[in-house]
Amino acid sequence: MLDLALIWALIIALGVLIYVILDGFDLGIGIVFAFFPHDEDRQVMMNTVAPVWDGNETWMVLGGAGLFAAFPVVYSAVLSALYLPLVLMLVGLVLRGVAFEIRGKSQRTRPVWDLAFMTGSAMATFFQGVGLGAFIQGIAVVNREFAGNGFDCFTAFSLFTGAGLMATYAMLGCGWLIIKTDGQLQRRMFRLMPALTIALLAAMAVISVWTPLSQPAIASRWFGPALSMLWPVPLAVLACARGILQAVKTGNETRPYLLTLALIALGYLGFLISIWPNLIPPGVSLWAAAAPESSLKFTLIGVVAILPVILFYTGYSYWVFRGKVRPHDEGYH
Amino acid sequence: MIDIAAIELARIQFAFTVSFHIIFPATTIGLATFIAVLEGLWLKTRREVYYTLCRFWSRAFALCFAIGVVSGIVMSYQFGTNWSVFSNFAGSITGPLLTYEVLTAFFLEAGFLGIMLFGWNKVGPRAHFAATVAVATGTLISMFWILASNSWMQTPAGYRIVDGRVMPVDWMAIVFNPSFPYRFMHMALAVFAVSMLLVSATSAWHLLRNRDNGAMRTSLVMALGCLLVVTPLQALVGDAHGLNTLKYQPAKLAAIEGLWDVHPEGTPLNLFGLPDMEAETTRYSLGIPHLGSLILTHSWTGAVPNMKRFPKQDRPDSRIVFWSFRIMVGLGMLMIVLAVTGAWLHRRGRLQRAIGFLRFAVAMGPAGYVSLLAGWITSEVGRQPWVVYGLLRTSQAASPVTRQQVGLSLLIFVTLYTLVFGTGLFYLFKILRTGPEPAPALPLWNDAAARPSGRHPLQGASLEHSSRQGDNHA
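Written as structure tokens, this is what we have:
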């Protein structure tokens, strides 16, 4: 008998990872925007993602819809628990999405749209991180409903994970721009990368210590008998960080981005190990949260049939827009 | 627990955000098909007027699409943030439908939008046309799923209730529930009417100012031609949809008609009136005898459901739907007048000099949007007091979030959307007012033979391009 709930949990985990990989860099571009005040640089930075950002954000909608379909109780309880951070995240996404369209058309109001793009990207990232932190700390669910206070989600820990996610996405954005730009702009991206790497490493270190200290269940998972299997995770993190710093020194264009992805994959693996097998920590397991079998099956058919096609044409679109983006490149207005 | 004010605020927030959102998809669904047709015609005939229009409407499309996407993300999360009881109750049905929409529509649109808008010189003509068609198809598929979901909430089918929650039993019955085919057709025709009214108003506006390079005449004729097919068909589909409502949601129909009492001698049709929910009557009603029976039962004395038949707590608010319905129908009639007059003038070759008609076409530009929103208000307010008709009351469907939280988020959304809507509209008008470029740069692959002017396309493209860039950076 197939474990449909487990398959669905894996699909959603995969969807979230793809979301972080794809939308992470385009939100990150908005965050590193602040370091590049020149209009021409900014337009190049935006043009590198203009053809793909819509598709990147669709993964976030898939995450939401997938939860809604496969684990309705998670969708309803977690989303109402994280009400304010989610609303603020959505506000950020609206601001930056509109800025994408309008920045190039505006003249006098361009600084306003730059600000909207930066604030929007930063807000969306920060509040996603707050949501993540609050989720790790656990959500009070009684009788399939959120039973806590609307401000439970704002803790020192969740605010810190918000900041940590900003460093993560900024690094992805910087790595992406190293691939997509050249000349002066690329050199400045290379210079920014080490600082972001150290910021992310520090954030990962703090979260790795803070989480087990405040969550005994997670502590016993990591420092219990499984320790012998889990110790390579932090070592791999250090190896990735070292690789990024070296790649920056030698001017390797693609390695900083790819190693950042590896860093994120490791952090994500750590997160999954910590919450397993819960879908709402601390008490609701993925099996308890699953939708009726008929819903899981019906939707799974669509995912199995269509997701490979989506990945194929998403890849095609990236391939069409491969190569460096330069100032005065045509066709982006 | 949940107090009245919190739920009212949540309802206002949902109504506000969804009304704002639907304006943009309604524009882009029709426009995407229009753009695909223009591109196809250009590739086939190589008449540049089609290419000019295609690039022009793509600019308006891109802006509306972006606002549609971001306001749509808000919608996809709002079911959970604000309506958790509903999501928990019906998520096993509405969740999979939404997931199918994401998988089959959103990704298709977003995946090919980049190529459609920015890929003219990155891929060949066939691949580009295929991308445009993919985007247009995506918008239509999206409408299919979201209307399946909405229609299921109006006329639920194919389910069982287990442990107080909905359990899907038959997916064909769920998707093709009783009101779905009617609502889908009605909406499909509506979005084409909306976008073609926008196109005809824009074209007429330019013609009135004598700004025409052939493109505006062509787009006016194309838009009016489409309206000539769509609007009379809409009247027929609307009538069939009404009969479907009579069968499955009689209370909604009684509220729309403002009918309180039984009329055994034949039901009149109220043209005007002020329904009063307390006094259970429609004041100042101006009715045409027997017409209600005739339209709704196709007989002289047929019985039509009346409001008093339903318990007070099960009645939708007649004061709203009575008028929203009449606004929708009235504007629909005007659209038919516009399309038929346009066709008549065109046949006599007087279309572009008919000042009065062109002004009428401009004035009708917003009519599609008003009519669309009025229709949805009729449908959604008419479903009340239920969120899932007959199964779950709206008053019991909200999240356990406080009045303060919803009040704050509502305030934020109203402010944000006003700003976004304001600027979006400003730039949309700017695009429409500026009109198409006289000779937009052709794609590099456009062969020289196709241009009788003899200008080398590569050279032409790069020249025009550099001059345009000068403008941008000035």
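Chains as they are written, first to last, in this note's numbering: chain A, 1 to 333; chain B, 334 to 807.
We put the beta carbon where it would ideally sit given N, CA and C, even for glycine.
Alpha helix (DSSP H) containing D54 (chain A): first to last residue? Its alpha helix (DSSP H) spans residues W53 to A70.
I need the boundaries of the beta strand (DSSP E) containing R96 (chain A), first residue and last residue. For R96 (chain A), there is no enclosing beta strand (DSSP E); the residue is part of the alpha helix (DSSP H) that begins and ends at Y83 to R103.
If we ignore side chains and look at the alpha-carbon of each, how far apart do A81 (chain A) and T472 (chain B) end up? Approximately 32 Å, taken between the alpha carbons.
Count the other CB atoms, across all protein chains shown, that sit within 10 Å of the CB of A807 (chain B); report buried if there are 16 or more and exposed otherwise. Low confidence applies here, because A807 (chain B) scores a pLDDT of 30, under 50, leaving its location unreliable; read the following figure in that light. Per the 10 Å Cβ criterion, exposed.
Whole-Å CB distance - F338 (chain A) paired with P429 (chain B), under 8 Å assumed: The displayed coordinates of chain A run from 1 to 333. Any statement about residue 338 (chain A) would go beyond what the structure contains.
Where F525 (chain B) sits in the DSSP three-state scheme: Correct three-state label for F525 (chain B): helix.
How should A548 (chain B) be labelled, buried or exposed, when 16 other C-beta atoms within 10 angstroms of its C-beta is the threshold for buried? Here A548 (chain B) is buried: its Cβ has 16 or more other Cβ atoms, across all protein chains shown, within 10 Å.
Going by CA-CA distance only, name the one from B:N543, B:V524 and B:A506 that's closest to A365 (chain B). Nearest C-alpha to A365 (chain B): B:V524.
Quick one: is F25 (chain A) near chain D, going by C-beta distance under 9 Å? Among the chains of the structure shown, chain D does not appear; the protein chains present are A and B.
Alpha carbon of K580 (chain B) to alpha carbon of L531 (chain B), nearest angstrom: One alpha carbon belongs to K580 (chain B), the other to L531 (chain B), and they sit about 35 Å apart.
Taking the alpha-carbon of L245 (chain A) as reference, which of A:W59, A:N149 and A:L196 has the nearest alpha-carbon? Nearest C-alpha to L245 (chain A): A:L196.
Contact between the stretch 262-276 of chain A and the stretch 229-242 of chain A is defined here as three or more beta-carbon pairs at a separation below 8 Å; is this criterion met? When Cβ pairs closer than 8 Å are counted between the two stretches, the stretch 262-276 of chain A is seen to touch the stretch 229-242 of chain A, the count reaching three or more.
Whole angstroms is fine: what's the gap from S158 (chain A)'s alpha carbon to L230 (chain A)'s? Distance between the alpha carbons of S158 (chain A) and L230 (chain A): 24 Å.
Burial state of V508 (chain B) (16 or more Cβ within 10 Å): V508 (chain B) should be labelled buried.
Can you check whether the CB of G138 (chain A) is closer than 9 Å to the CB of P281 (chain A)? For the pair P281 (chain A) and G138 (chain A), the CB atoms are nearer than the 9 Å cut-off.
Look at the Cβ atom of A203 (chain A), then the Cβ atom of G164 (chain A), and state whether they are nearer than 9 Å. Result yes, Cβ atoms of A203 (chain A) and G164 (chain A) sit closer than 9 Å.
Can you give the Cα-Cα distance for Y19 (chain A) and G64 (chain A), rounded to whole angstroms? For Y19 (chain A) and G64 (chain A), the distance between alpha carbons rounds to 11 Å.
Determine the extent of the beta strand (DSSP E) in which P608 (chain B) is found, giving its start and end residues. In this chain, the beta strand (DSSP E) harbouring P608 (chain B) covers L602 to D609.
Three-state secondary structure assigned by DSSP to I139 (chain A): In the structure shown, I139 (chain A) sits in coil (DSSP, three-state: anything other than H, G, I, E or B).
Beta carbon proximity, G606 (chain B) to chain A, threshold 9 Å: Chain A, which has no Cβ nearer than 9 Å to the Cβ of G606 (chain B), makes this no.
Which listed residue (B:A348, B:R380 and B:F349) has its alpha carbon closest to that of P773 (chain B): The shortest C-alpha separation from P773 (chain B) is found at B:R380.
Please report how far the alpha carbon of V637 (chain B) lies from the alpha carbon of T600 (chain B), in whole angstroms. Separation of V637 (chain B) and T600 (chain B) (C-alpha to C-alpha, rounded to the nearest whole angstrom) is 7 Å.
May I ask you to report which of helix, strand or coil DSSP gives V637 (chain B)? Coil, per DSSP.
L678 (chain B) beta carbon less than 9 Å from that of A700 (chain B): No; because the gap between Cβ atoms is not below 9 Å, this pair is not in contact.
Give the single residue among A:I218, A:I102 and A:D41 whose Cα lies nearest to the Cα of L396 (chain B). Here the closest residue by C-alpha is A:I102.
Can you tell me whether T488 (chain B) is buried or exposed, with buried defined as 16 or more other CB within 10 angstroms of its CB? Buried is the call here.
Members of the stretch 249-267 of chain A near chain B, C-beta cut-off 9 Å: Flagged: no residues at all.
Alpha-carbon spacing of V721 (chain B) relative to A288 (chain A), whole angstroms: So the two alpha carbons sit approximately 25 Å from each other.
To the nearest angstrom, report how far apart A794 (chain B) and P771 (chain B) are at their CA atoms. With a pLDDT of 41 at A794 (chain B), under the threshold of 50, the predicted position of this residue should be treated as unreliable, and no value is reported.
Own chain residues within Cβ distance below 6 Å of A782 (chain B), not counting five before or after: Note that A782 (chain B) has pLDDT 41, beneath the 50 cutoff, so the model's placement of it is unreliable and the number below is only indicative. Around A782 (chain B): no qualifying Cβ.
Name the two residues that bound the continuous alpha helix (DSSP H) containing T751 (chain B). Its alpha helix (DSSP H) spans residues R736 to T767.
What residue range is occupied by the uninterrupted beta strand (DSSP E) comprising G562 (chain B)? With the sequence shown as reference, residue 562 (chain B) is identified as Val, and Gly is not the correct amino acid for it. Here V562 (chain B) belongs to no beta strand (DSSP E); instead the alpha helix (DSSP H) covers A548 to Y581.
Anything in the stretch 403-416 of chain B with a Cβ closer than 9 Å to a Cβ of chain A? List those residues in chain order, please. Listed in sequence order: V403, S404, G405, I406, V407, S409, Y410, Q411, F412, G413, T414, N415 and W416.
Using a Cβ-Cβ distance cut-off of 9 Å, determine whether L441 (chain B) contacts chain A. L441 (chain B) counts as touching chain A.
Any beta-carbon of chain A closer than 9 Å to the one on L436 (chain B)? Yes, its Cβ sits closer than 9 Å to a Cβ of chain A.
Is A9 (chain A) close to chain B, meaning its C-beta is less than 9 Å from at least one C-beta of that chain? False, the Cβ-Cβ gap to chain B never drops below 9 Å.
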